[in-house]
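In the working numbering, the protein residues as written are 31 to 192.
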């Protein structure tokens with residue numbers, strides 16, 4: 031697993047994390063797109079709605095109480111999922127805004143799947159930078175939990191937050 035945080039002359043915060051899962055692409059893709067599967071290892075309060083282009087689904091987490099909307103921008107089966115959701119930077123002075131999450135799924139020659147998650151669109155301020163670090167941590171945790179769930183059927187997050 032690797033995380034890359036962009037640096038430069040004051041760019042907006044963005045990051046990418048990636049990891050390899052020892053299952054075929056379709057199975058790994060479905061672990062994200064199917065709300066029942068996603069609820070088995072990631073959304074500790076549950077996911078409602080399949081990830082399909084144009085849909086708005088809800089995700090609920092015990093560590094961030096209250097279900098919130100996730101807007102599905104684009105889905106390319108077994109290749110890519112693009113989402114937009116509210117930035118959790120706690121900075122309301124400039125109004126609410128969304129960040130964009132792009133997940134890609136690539137089959138590897140050895141039968142594993144490389145999953146990469148990129149999130150960008152944060153504002154250029156300290157609160158957004160802090161929130162982006164939190165989301166980077168969250169997506170890294172999601173990849174770890176997905177790997178264990180898909181490969182071994184274990185929910186790492188069960189009882190972790192509540």
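We put the beta carbon where it would ideally sit given N, CA and C, even for glycine.
(request) Taking only the alpha-carbon atoms, compute the straight-line gap between residue 92 and residue 111 and give it to the nearest angstrom. (result) Mapped onto the chain shown, residue 92 falls at position 62. Mapped onto the chain shown, residue 111 falls at position 81. Their Cα atoms are separated by approximately 24 Å.
(request) On a CA-only basis, which of 173, 185, 138 is nearest residue 54? Give me that one, please. (result) In the chain shown, the residue the question calls residue 54 occupies position 24. The residue with the shortest Cα to Cα distance from residue 54 is 138.
(message) Just list the residues that DSSP pairs residue 49 with in beta bridges.
(response) Sequence index remark: in the chain shown, residue 49 carries index 19 (1-based). BP columns for residue 49 point to 145.
(request) Along the beta strand (DSSP E) that carries residue 234, what are the first and last residues, could you check? (result) This structure cannot speak to residue 234, because the chain is shown only from 31 to 192.
(message) Going by DSSP in three states, residue 177 sits in which element: helix, strand or coil?
(response) As a working mapping, residue 177 is identified with position 147 in the chain shown. Residue 177: helix per DSSP, three-state reduction.
(message) Is it buried or exposed, residue 191, if we count other Cβ atoms within 10 angstroms and call 16 or more buried?
(response) On the chain shown, residue 191 is found 161 positions in, with the first residue counted as 1. So residue 191 ends up on the exposed side.
(request) Going by CA-CA distance only, name the one from 189, 106, 95 that's closest to residue 84. (result) For this step, residue 84 is matched to residue 54 along the chain shown. For the residues 189, 106, 95, the minimum Cα distance to residue 84 belongs to 106.
(request) Taking only the alpha-carbon atoms, compute the straight-line gap between residue 151 and residue 132 and give it to the nearest angstrom. (result) Locating residue 151 in the chain shown gives position 121, counting from the first residue. Locating residue 132 in the chain shown gives position 102, counting from the first residue. Between residue 151 and residue 132, the C-alpha separation is close to 11 Å.
(request) Given a cut-off of 8 Å, decide if residue 65 and residue 75 are closer than it, judged by their beta-carbon atoms. (result) Here residue 75 is taken as the residue at index 45 of the chain shown, counted from 1. Here residue 65 is taken as the residue at index 35 of the chain shown, counted from 1. Cβ distance not < 8 Å, so residue 75 and residue 65 don't count as in contact.
(request) Count the other C-beta atoms from every protein chain shown that fall within 10 angstroms of the C-beta of residue 51, then say buried if there are 16 or more, exposed otherwise. (result) The residue labelled residue 51 in the question sits at position 21 within the chain shown. With 16 or more Cβ atoms within 10 Å of its Cβ, residue 51 is classed as buried.
(request) Answer yes or no: do residue 58 and residue 180 have a C-beta to C-beta separation smaller than 8 Å? (result) The residue given as residue 58 occupies position 28 in the chain shown. The residue given as residue 180 occupies position 150 in the chain shown. Yes; because the gap between Cβ atoms is below 8 Å, this pair is in contact.
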